[in-house]
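Report on the structure given below.
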Amino acid sequence: MRKYEVIFIVKPLDEEATNAVIAKFENLIKNNGGNVEKIDRWGKRRLAYPVKDFTEGYYCVIYFDAEPKAVFELERVMKITDEILRHMVVKEDE
2 MRKYEVIFIV
12 KPLDEEATNA
22 VIAKFENLIK
32 NNGGNVEKID
42 RWGKRRLAYP
52 VKDFTEGYYC
62 VIYFDAEPKA
72 VFELERVMKI
82 TDEILRHMVV
92 KEDE
């Protein structure tokens, strides 16, 4: 298993809906054989430029271990999830 981190920006929703989106991706990683090490919630911040007509977003970083196929599935689901404005998965150096 390799170490990854994913940072994503959630649309400015109420707290319950934001927590549901974060839990969705946490469960997706676990269900595909990954291990979530840490979830770092940065909170709501102003965006540098409007993204999909939003000027604010909720930033979150998840540090996890997983196989590459789990990362492909994570990226696929993030691309089709309407609540996600932007995302980026980075493989950590050994």
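The sequence shown stops at residue 95 when you use my numbering, and every number in between is there.
For each residue, glycine too, the CB sits at the ideal point set by N, CA and C.
* Could you name the residues of the same chain whose beta carbon sits closer than 7 angstroms to that of V78, not counting the 5 residues immediately before and after it, in chain order? => L29
* Name the residue from V7, G34, L14, Y60 whose alpha carbon lies nearest to the alpha carbon of R46. => Ranking the options by Cα distance to R46, first place goes to Y60.
* To do: May I ask you to list the residues that DSSP assigns as paired with N20?
  => N20 is not bridged to any residue.
* To do: Out of D94, V90, I85, point me to the one whose CA is closest to I23's CA.
  => I85
* Identify every residue that forms a DSSP beta bridge with E57. => R47
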